[in-house]
Structure formats: C-alpha cells, structure tokens
Amino acid sequence: MSSLPFGDKVTPWYKQFWPWFLIGILLSSIMFSITFAVMSVKSFDGMVVQEDYYKHGKAINMVLAKQDRARELNLSADLRLDPLTSDIVIDLSGDARPDRLYLDLIFPTEDDRDQSFVLEHVRDGRYITQGPDNLRYRWYLQIQPALENADWRLTGEATFPDENSVALLPGGRTESE
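For the sequence shown, position 176 matches number 175 in numbering that gives the first Met the number 0, and the numbering has no gaps at all.
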C-alpha cells in the first residue's frame, strides 16, 4: 500500500527548482569571492604598508614647520594651467622670491602618476614652465623653493581641466577663483 494519498509521484530532488536555486546562490558567492581575491592580489597598491612610523611622524612635524614658515613670510600663490599651451603659471606673493619653484603634482591614489616640475622666475613673482598635456582628475599640489631641505611649502588641491586659477596657501587651504 502506498503512503502517498491519491497516488502522487514524488519527483527526485535534482528535478526540483529550489535545491538548484540554493546551490546557485552558494556557487555564485564562491565565484565572486574568488574573483575579488584575484583582483585584490593583482591590483596591490602598496600604499598601506608603512615600515617606520616614527620617521613618518617626524616628517609630518617638518611639513608643519614649513607651512608655519610660509605663514611667517605671508606667502600665497595662484596656479593656472593654460588648456591650449599646457603652460603652468604660478603667481607668488609674499616676502620671498626664489629663482625657481619646484611644483609637485601628486595623484591621490597612484604614486606612479606623480609628476614634478621646475618653474623659472620670469618677473615680479611670476613663474612658468611647460606642463603635461591633457591633465585630468584631482591632484594634490605642493610648491617649495628647493628640491631638498626647503624652508617653506605651499600646498593645495585642484581638479583638472580647470581654466580658473587655484590658490595655494600655507596649511593646504585652497580656493578657486
């Protein structure tokens, strides 16, 4: 005698929808986990590892001292990037007029995209150099009077392309005109 009422047949589990649906969710989560693990290993950015925290802390204090010195000299700068000629023009105001300025364009996430430029003094606090073509995205900006052991530094950030000038002030405060 059959235990099923009215002679209903039971279909095997592999012919039903729900077991395959649940197995599909598990397999897709495993597939996505493996994909993200491979992507994270291949795109290692190397910015998280820092070996000498004490040295890094001392460097921060040096940067703060450079910004304080820039405040003492009443320094500020306006940076413009000409979209047609790619000229970088900096107008420096304050109590210092070095022969040249060193500009660092620092990309926030990829250190291999960082760029450095030397700007020559042209006249009355105006410095100029040839910049890169098609500069895009957000950048941190630093100008200082010497490549090594500079006594002051101005910092800021800008998003390019931008036809407006970017103000570089001590302490990294920026303002666009």
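Every residue gets a Cβ at the ideal spot worked out from N, C-alpha and C, and that includes glycine.
Euclidean distance between Cα positions of residue i and residue j
{"i": "Arg-112", "j": "Asn-73", "result": "31 Å"}
{"i": "Gln-143", "j": "Asp-94", "result": "14 Å"}
{"i": "Glu-162", "j": "Arg-125", "result": "18 Å"}
{"i": "Ala-36", "j": "Ile-22", "result": "21 Å"}
{"i": "Gln-15", "j": "Ser-42", "result": "41 Å"}
{"i": "Tyr-13", "j": "Trp-19", "result": "7 Å"}
{"i": "Leu-102", "j": "Ser-32", "result": "42 Å"}
{"i": "Leu-168", "j": "Pro-82", "result": "23 Å"}
{"i": "Val-117", "j": "Gln-66", "result": "20 Å"}
{"i": "Arg-68", "j": "Thr-34", "result": "50 Å"}
{"i": "Ala-149", "j": "Ile-24", "result": "59 Å"}
{"i": "Leu-63", "j": "Met-38", "result": "37 Å"}
Terminal residues of the alpha helix (DSSP H) in which residue i lies
{"i": "Ser-92", "result": "No alpha helix (DSSP H) contains Ser-92, which is instead part of the beta strand (DSSP E) from 86-92."}
{"i": "Ser-39", "result": "16-41"}
Close-in-space but distant-in-sequence residues of the same chain around residue i (CB under 7 Å, 5 per side omitted)
{"i": "Ser-85", "result": "Gln-129, Gly-130, Pro-131, Asp-132"}
{"i": "Val-121", "result": "Ile-127"}
{"i": "Gln-114", "result": "Leu-104, Pro-131"}
First through last residue of the beta strand (DSSP E) which encompasses residue i
{"i": "Arg-125", "result": "125-129"}
{"i": "Tyr-101", "result": "99-105"}
{"i": "Tyr-139", "result": "136-143"}
{"i": "Leu-74", "result": "From DSSP, Leu-74 is part of no beta strand (DSSP E); its letter is neither H nor E."}
{"i": "Ala-149", "result": "That residue, Ala-149, is in no beta strand (DSSP E); it is neither H nor E in DSSP."}
{"i": "Glu-162", "result": "Where Glu-162 is concerned, there is no enclosing beta strand (DSSP E), given that its DSSP letter is neither H nor E."}
{"i": "Arg-122", "result": "114-122"}
Identified DSSP bridge partners for residue i
{"i": "Gly-155", "result": "Leu-140"}
Same chain only: Cβ atoms within 8 Å of residue i, ignoring 5 sequence neighbours per side
{"i": "Ala-145", "result": "Pro-97, Tyr-101"}
Other residues of its chain near residue i: CB distance less than 6 Å, five sequence neighbours each side excluded
{"i": "Gly-180", "result": "Only positions 0 to 176 of the chain appear in this structure, which leaves residue 180 out of reach."}
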